[in-house]
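Below: the structure, in structure tokens.
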Amino acid sequence: MPNETDTAAPVLAVRNLKAYFHTGEGLARAVDDISFDVRPGEVFCLVGESGCGKSV
Numbered sequence: 012m013p014n015e016t017d018t019a020a021p022v023l024a025v026r027n028l029k030a031y032f033h034t035g036e037g038l039a040r041a042v043d044d045i046s047f048d049v050r051p052g053e054v055f056c057l058v059g060e061s062g063c064g065k066s067v
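Under this note's numbering, the first residue of the sequence shown is numbered 12, with each subsequent residue one higher.
In structure tokens:
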């Protein structure tokens, strides 16, 4: 049985996100074509090693 979080409209909807940054060696891809929804009451966490581009 779906709960309220499953059926609620997302408070954040991300579609086909791509993020790149410049390094001394050229362009680096941090995120490539990611999509997700965050609904009321949900928690979203992005985890990665230091320097991997989480804050890009």
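Cβ atoms here follow ideal geometry from the backbone N, Cα and C, with glycine treated the same way.
Item to complete: State the beta-bridge partners of glycine 37 as determined by DSSP.
Response: As a position in the sequence shown, residue 37 is number 26, starting the count at 1. Per DSSP, Thr34.
Worksheet item: Would a C-beta distance cut-off of 8 Å place aspartate 48 and alanine 30 closer than the cut-off?
Response: Along the sequence shown, one-based indexing puts residue 48 at 37. Along the sequence shown, one-based indexing puts residue 30 at 19. Contact flag unset, no.
Practice prompt. Counting only the same chain and skipping the five closest in sequence on each side, list residues whose C-beta sits under 7 Å from that of arginine 50.
Written response: As a working mapping, residue 50 is identified with position 39 in the sequence shown. Within the same chain, arginine 50 has close Cβ partners Thr16, Ala19, Pro21 and Val22.
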